[in-house]
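Accompanying notes for the structure given below.
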Amino acid sequence: MNDKKTAAAASKVMPVGDDSDLHHIIIVGGGAGGLELATRLGDKLGKKGKAKISLVERARTHIWKPLLHEIAAGSMDVGRHELAYQAQGYWHGFQFRYGEMTGIDRKKKLVFLAATFDEDGREITPVRSFKYDTLVIAIGCVGNAFDTPGVKEHAIMLDTPEEAERFNRRLINACVRAFAQEGPVRAGQLHVAIIGAGATGTELAAELHRTARGLVAYGLDKINPENDIKITLIEAADRIVPALPERISDGVADVLRGLNVDIKTSSRVVEVTGNGVKLQNGDFIPSELVVWAAGVKGPDVLAHLDGLEVSRDGRLVVTETLQTTRDPNIFAFGDCAYLLPKGADVPVPPRAQAAHQEASHLYTELQRRLKDEPLEPFRYRDFGSLVSLGEYSTVGSLMGFVIGKSFFIEGLFARLMYRSLYKMHEMALHGPFKVMADTLSRMITRRTEPVVKLH
Ligand SMILES: Cc1cc2nc3c(=O)[nH]c(=O)nc-3n(C[C@H](O)[C@H](O)[C@H](O)COP(=O)(O)OP(=O)(O)OC[C@H]3O[C@@H](n4cnc5c(N)ncnc54)[C@H](O)[C@@H]3O)c2cc1C
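Residue numbering for the sequence shown follows the numbering used here, beginning at 17 and increasing consecutively.
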């Protein structure tokens, strides 16, 4: 629905949520950062009746976004990792408000939500508005196609679990089709082009290599994985994972080349078509499936939030206290926030570790705000970067705070460090006992289920 129409319609609807004198904190976006904040504030303030905490989210269940490449490749059982917002709210003292934020009214302190519908088009929730005292926006980022022709129509972006699952269905269908058809597998029929060799693209390439072979091993034996399944990784910069130190790029490239992934650096994509990818140098890469993972930007709705300042890449500009520059009652953090720390020349990166640190910071600072105490600035600590190449390797750098610089790590230790980021997220949502029980139960069921998704 058109943003302005929804906001206008919502402004006529009686706002919900102003039925008590309690300070109302609304968090919009229940992702890596938002759900941690809602859970912790709900436990601390909501349950004790010290403030009212609400979470507005357009999905009904939460999946930690860095797992999306595993969903796309089919190596992860979504059901074992997803969490229903309604239940989390019930357990942790916050109210879940289902719906997509379409606008705000800063003067009236209202946030507008679009109506939601089921698959038959029947309305589930109407257009609504909620009144806030403090608004926290954490709606993440979306893929940036940079106006490249054909991306919207023919490429998949791994922005949501639905898109990751759509990619996985298309992958399985392509393999089943190739297996059932008369005649040999055609050139390009089982080729995947991944555009953008940042962490997402490279991690997906490695994961796909493993699961595509897994699919074939379950009986699609007409397909020869070595000859028929091909993965091409395309990057405009002169090396893969260009945002990370060169040693990591080299390490990741070595592993991927060993897996026969075709790496094309210094290659700019000018168009995506129904059967492949055109490069600026005139080359055409035939591909059945194309993934666009070449950069992110702020979701469009941020540019229509009643005059809040946005950066060139469409994110909300915030001060060091994570308050938006034009409204101290509105905070933003995570991927959707643009924070340039004092003295730095690059903003805080759009990463789960930044969203996690900011959620912890706001958990403390929003309690100070309730007591009218001055807010402390947020300081980002870069703990390093890790690229997980599935079961093949994990490569990255860790920041050694004692020695004051980062050092290179790989192998089992790197893999454990990579997993620890997800464990920290789970700990913030569930606490140690449930995390231990879940980890154990996943380890057991992994041994009795197919290693790749087959449907
Ligand atoms: C495949 C992949 C791998 C990654 N790997 C890593 C990694 O290894 N390490 C790392 O640090 N980072 C990684 N990242 C980046 C990381 O996922 C993000 O930085 C992190 O999820 C940002 O958290 P967030 O809370 O800001 O946003 P998100 O986690 O994206 O959550 C945003 C939430 O807002 C909801 N939402 C969006 N729009 C609206 C709206 N209008 N109204 C209501 N709700 C809305 C969404 O449904 C979502 O639940 C990876 C990302 C991807 C895609």
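Backbone N, C-alpha and C define an ideal beta-carbon position, used for all residues, glycine too.
Open item on the list: Mapping the DSSP letters down to three states, classify Asp121 as helix, strand or coil.
Closed with: Numbered from 1 along the sequence shown, position 105 holds the residue referred to as residue 121. Residue state, collapsed to three classes: strand.
Open item on the list: Only counting the same chain, and skipping five residues up and downstream in sequence, which positions put a Cβ closer than 8 Å to that of Asn160?
Closed with: The sequence position of residue 160 within the sequence shown is 144, counting from 1. Excluding residues within five positions, the ones whose Cβ falls inside 8 Å are Ala310, Gly311, Val312, Lys313, Asp329.
Open item on the list: Could you tell me which whole beta strand (DSSP E) segments of length 3 or greater appear in the stretch 296-375?
Closed with: 300-302, 305-308, 343-348
Open item on the list: Quick check on Met92: buried or exposed, where buried means 16 or more other Cβ atoms within 10 Å of its Cβ?
Closed with: Working through the sequence shown from its first residue, we reach residue 92 at position 76. The residue in question, Met92, is buried, as its Cβ has 16 or more Cβ neighbours within 10 Å.
Task: Where Ala154 sits in the DSSP three-state scheme - done: To locate residue 154, count along the sequence shown from 1; it is residue 138. Looking at Ala154 - three-state DSSP - the assignment turns out to be coil, as it is neither helix nor strand.
Open item on the list: Mapping the DSSP letters down to three states, classify Gln111 as helix, strand or coil.
Closed with: Residue 111 sits at position 95 when you count from the first residue of the sequence shown. It is a strand residue.
Open item on the list: Which complete beta strand (DSSP E) runs does the stretch 166-245 hold, if anything under 3 residues is left out?
Closed with: 207-211
Open item on the list: I'd like to confirm something about Pro142: is its beta-carbon nearer than 6 Å to some heavy atom of ligand 1, or not?
Closed with: Mapped onto the sequence shown, residue 142 falls at position 126. Every heavy atom of ligand 1 is 6 Å or more from the Cβ of Pro142, so no.
TODO: Could you pull out every residue in the same chain whose Cβ sits closer than 6 Å to the Cβ of Arg122, ignoring the five residues on either side in sequence?
DONE: For the purposes of this step, residue 122 is identified with residue 106 of the sequence shown, where counting begins at 1. Excluding residues within five positions, the ones whose Cβ falls inside 6 Å are Asp322, Asp343.
Task: When Tyr379, Val362, Ser283, Ile188 are compared against Ile211, the one with the closest alpha-carbon - done: Taking the first residue of the sequence shown as position 1, residue 211 is located at position 195. Closest by alpha carbon: Ser283.
Open item on the list: Assuming the contact rule is C-beta atoms closer than 8 Å, Val277 and Ile247 should be a hit. Round their C-beta distance to whole Å, please.
Closed with: By one-based count along the sequence shown, residue 277 stands at place 261. By one-based count along the sequence shown, residue 247 stands at place 231. That belief holds up - the Cβ atoms of Val277 and Ile247 are roughly 5 Å apart, short of 8 Å.
Task: Alpha-carbon to alpha-carbon, Ala221 and Tyr408 - done: The residue you call residue 408 lines up with position 392 of the sequence shown. The residue you call residue 221 lines up with position 205 of the sequence shown. Those two C-alpha atoms are separated by around 11 Å.
- [ ] Output yes or no for whether 7 Å exceeds the beta carbon distance between Asp149 and His39.
- [x] Along the sequence shown, one-based indexing puts residue 149 at 133. Along the sequence shown, one-based indexing puts residue 39 at 23. Result yes, Cβ atoms of Asp149 and His39 sit closer than 7 Å.
- [ ] Taking only heavy atoms of ligand 1 into account, decide whether any of them is closer than 6 Å to the Cβ of Arg74.
- [x] Mapped onto the sequence shown, residue 74 falls at position 58. Arg74: yes, Cβ under 6 Å from ligand 1.
- [ ] Could you name the residues of the same chain whose beta carbon sits closer than 7 Å to that of Leu356, not counting the 5 residues immediately before and after it, in chain order?
- [x] In the sequence shown, the residue the question calls residue 356 occupies position 340. The answer, listed in chain order, is Pro363.
- [ ] Name the residue from Asp237, Leu187, Asp398, Pro258 whose alpha carbon lies nearest to the alpha carbon of Ala371.
- [x] Locating residue 371 in the sequence shown gives position 355, counting from the first residue. Of Asp237, Leu187, Asp398, Pro258, the residue nearest in Cα terms is Asp398.
TODO: Figure out for me which residue from Phe349, Val286, Cys157 has the closest Cα to the Cα of Pro393.
DONE: What you label residue 393 is simply residue 377 of the sequence shown in a count that begins at 1. Nearest of Phe349, Val286, Cys157 to Pro393, Cα basis: Phe349.
TODO: Starting from Thr164, follow the alpha helix (DSSP H) in both directions and report where the run begins and ends.
DONE: Numbered from its first residue, the sequence shown carries residue 164 at position 148. Careful: Thr164 lies outside any alpha helix (DSSP H) and carries neither H nor E.
Open item on the list: Measuring straight from C-alpha to C-alpha, what distance separates Gly235 and Ala194?
Closed with: In the sequence shown, counting from the first residue as 1, residue 235 sits at position 219. In the sequence shown, counting from the first residue as 1, residue 194 sits at position 178. Their Cα atoms are separated by approximately 13 Å.
Open item on the list: Taking the straight line between their C-alpha atoms, what separation do you get for Leu391 and Glu52?
Closed with: For this step, residue 391 is matched to residue 375 along the sequence shown. For this step, residue 52 is matched to residue 36 along the sequence shown. Roughly 20 Å separates the two Cα atoms.
Task: Cβ neighbour criterion (16 or more within 10 Å) applied to Lys64 - done: Here residue 64 is taken as the residue at index 48 of the sequence shown, counted from 1. It counts as exposed.
Task: For Glu73, the first and last residue of its enclosing beta strand (DSSP E) - done: Taking the first residue of the sequence shown as position 1, residue 73 is located at position 57. 68-73 is the span of the beta strand (DSSP E), which, as asked, contains Glu73.
- [ ] With a cut-off of 8 Å on the beta carbons, I'd call Ala154 and Pro142 a contact; round off their distance for me.
- [x] Here residue 154 refers to the residue found at position 138 when the sequence shown is read from its first residue. Here residue 142 refers to the residue found at position 126 when the sequence shown is read from its first residue. Not quite, the Cβ-Cβ distance comes to about 24 Å (not below 8 Å), so this is no contact.
Task: Inter-residue Cα distance where the pair is Glu179 and Arg76 - done: By 1-based counting over the sequence shown, the position of residue 179 is 163. By 1-based counting over the sequence shown, the position of residue 76 is 60. So the two alpha carbons sit approximately 15 Å from each other.
TODO: Measure the Cβ-Cβ separation of Gly58 and Ile69 and say whether it is below 7 Å.
DONE: Within the sequence shown, the letter at position 42 stands for residue 58. Within the sequence shown, the letter at position 53 stands for residue 69. Against a cut-off of 7 Å, the Cβ pair of Ile69 and Gly58 comes out as a contact.
Open item on the list: What residue range does the alpha helix (DSSP H) around Arg144 cover?
Closed with: Start at 1 with the first residue of the sequence shown, and residue 144 comes out as number 128. Here Arg144 belongs to no alpha helix (DSSP H); instead the beta strand (DSSP E) covers 144-147.
Open item on the list: Looking at ligand 1, does it come within less than 6 Å of Arg122, judged from the CB to the closest heavy atom?
Closed with: As a working note, residue 122 is residue 106 in the sequence shown. Arg122 Cβ: outside cutoff for every heavy atom of ligand 1.
Open item on the list: If the criterion is Cβ atoms closer than 7 Å, does the pair Glu73 and Tyr106 meet it?
Closed with: Stepping through the sequence shown from its first residue, residue 73 is reached at position 57. Stepping through the sequence shown from its first residue, residue 106 is reached at position 90. No; because the gap between Cβ atoms is not below 7 Å, this pair is not in contact.
Open item on the list: I'd like to confirm something about His85: is its beta-carbon nearer than 6 Å to some heavy atom of ligand 1, or not?
Closed with: Sequence index remark: in the sequence shown, residue 85 carries index 69 (1-based). Yes - ligand 1 has a heavy atom lying nearer than 6 Å to the Cβ of His85.
Task: Inter-stretch contact (C-beta, 8 Å, three-pair minimum) for the stretch 172-186 and the stretch 265-281 - done: no
- [ ] Assign Phe424 to one of three DSSP states: helix, strand, or coil.
- [x] Counting from one through the sequence shown, the residue named residue 424 turns up at place 408. The answer is strand: DSSP assigns Phe424 an E or B state.
Task: Whole-number beta carbon distance between Ser413 and Ser404, since they are thought to touch under 8 Å - done: Here residue 404 is taken as the residue at index 388 of the sequence shown, counted from 1. Here residue 413 is taken as the residue at index 397 of the sequence shown, counted from 1. About 14 Å; that fails the 8 Å criterion.
Task: Paired residues, beta bridge with Glu139 - DSSP - done: Numbered from its first residue, the sequence shown carries residue 139 at position 123. The partner list for Glu139 (beta bridge, DSSP) reads Phe133.
Open item on the list: Helix, strand or coil for Glu287? Go by DSSP, reduced to three states.
Closed with: Position 271 of the sequence shown, counting from 1, holds the residue named residue 287. Strand.
TODO: Please confirm whether Gly249 and Ala213 have their CB atoms less than 7 Å apart.
DONE: The sequence position of residue 249 within the sequence shown is 233, counting from 1. The sequence position of residue 213 within the sequence shown is 197, counting from 1. With the sequence shown as reference, residue 249 is identified as Leu, and Gly is not the correct amino acid for it. Cβ distance < 7 Å, so Leu249 and Ala213 count as in contact.
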